[in-house]
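Numbering (our numbering), first residue to last: 659 to 864. Every residue, glycine too, gets a C-beta built ideally from N, C-alpha and C.
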Amino acid sequence: MGKKYYKRNTSIEGPVHLSNLKLSEPKAFAAGVPGVVATLKHSLKEMGVFRSTNSLLKINQKNGFDCPSCAWPDPENPSRVGEYCENGAKALADEATKTYIKSEFFEEHSVEVLSHWSDFELNQLGRLTQPMVLKENSVHYEPISWEGAFEMIAEELRDLKDPNEAIFYTSGRSSNEAAFLYGSFVRALGTNNLPDCSNMCHESSG
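Written as structure tokens, this is what we have:
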């Protein structure tokens with residue numbers, strides 16, 4: 659007989675309601691003072707005063723870093739402060755947030771419960787600070803050491819009958835160095851199954 663798997667009562671669609679959706683007349687202008695206020699409000703909430711100031715002064719600067727949400731060209735010389743949009747600043751704040759999730763949260767909330775939360779609600783929880791694993795016959799994520807996580811991945815890869823049974827995935831926000839190292843590892847394993855976010859998100863949109 660084949661191996662029996664524990665079936666979790668999770669939702670693949672998420673919530674059917676729209677959380678706190680507000681409808682209003684379209685604005686006749688963009689950005690301006692309201693955009694600056696919204697940017698500062700979100701940044702200070704997520705990053706605090708020091709991290710917000712330090713980050714917002716370096717985004718899209720010659721000796722700074724690229725906006726995580728757009729393709730603003732790299733300047734040859736120092737550019738003006740604020741050459742990014744409100745959404746770019748919000749994306750930065752989400753990445754650099756000081757909010758993080760403690761392991762106790764996952765002891766109290768099962769994956770069955772979390773599957774009914776919206777992407778927005780899940781994102782508001784903050785960043786993970788350690789690897790987590792969802793074990794067989796369990797509905798709760800548990801913390802695991804980095805060594806344990808790497809060993810678990812290695813064991814799965816070693817048990818493959820063919821390298822092409824593995825599928826890897828990379829993010830468009832990865833650094834060139836990280837993407838090169840990751841790609842080299844996948845090719846050394848013996849497969850080209852290495853799509854990235856452009857295949858998943860942008861290719862289907864034409």
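Note on the region 732-790: whole alpha helix (DSSP H) runs with a minimum of 4 residues are 744-753, 761-766, 769-772, 777-781, in chain order. Counting other Cβ atoms within 10 Å of its Cβ, I717 reaches 16 or more and is therefore classed as buried.
Here the C-alpha atom of C855 lies approximately 15 angstroms from the C-alpha atom of A729. Counting C-beta atoms within 10 angstroms of its own C-beta, A751 has 16 or more neighbours from the protein chains shown and is therefore classed as buried. Residue environment: Y758 is assigned as exposed (fewer than 16 neighbouring CB atoms within 10 Å of its CB, all protein chains considered). Judged by DSSP secondary structure, E683 falls outside any alpha helix (DSSP H); it is assigned neither H nor E.
In the DSSP secondary-structure assignment, I717 is bridged to F723. A distance below 8 angstroms between beta-carbons, with the five flanking residues on each side excluded, links E823 to no residue of its chain. Ranked by Cα distance from F708, the first of P692, N678, E744, K756 is K756. Residue burial is scored here from C-beta neighbours: L772 has at least 16 other C-beta atoms within 10 angstroms and is therefore classed as buried.
Here the alpha carbons of I825 and N851 stand approximately 5 angstroms from one another. In the three-state reduction of the DSSP assignment, T697 falls in the helix class, which pools H, G and I. In the three-state reduction of the DSSP assignment, T828 falls in the strand class, which pools E and B.
A Cβ-Cβ contact shorter than 9 angstroms links S727 with G746.
Judged by their CB atoms, S669 and H767 are not nearer to each other than the 9 angstroms cut-off.
The DSSP-derived three-state label of P821 is helix. Residue pairing of E800 in beta bridges, as defined by DSSP: V791.
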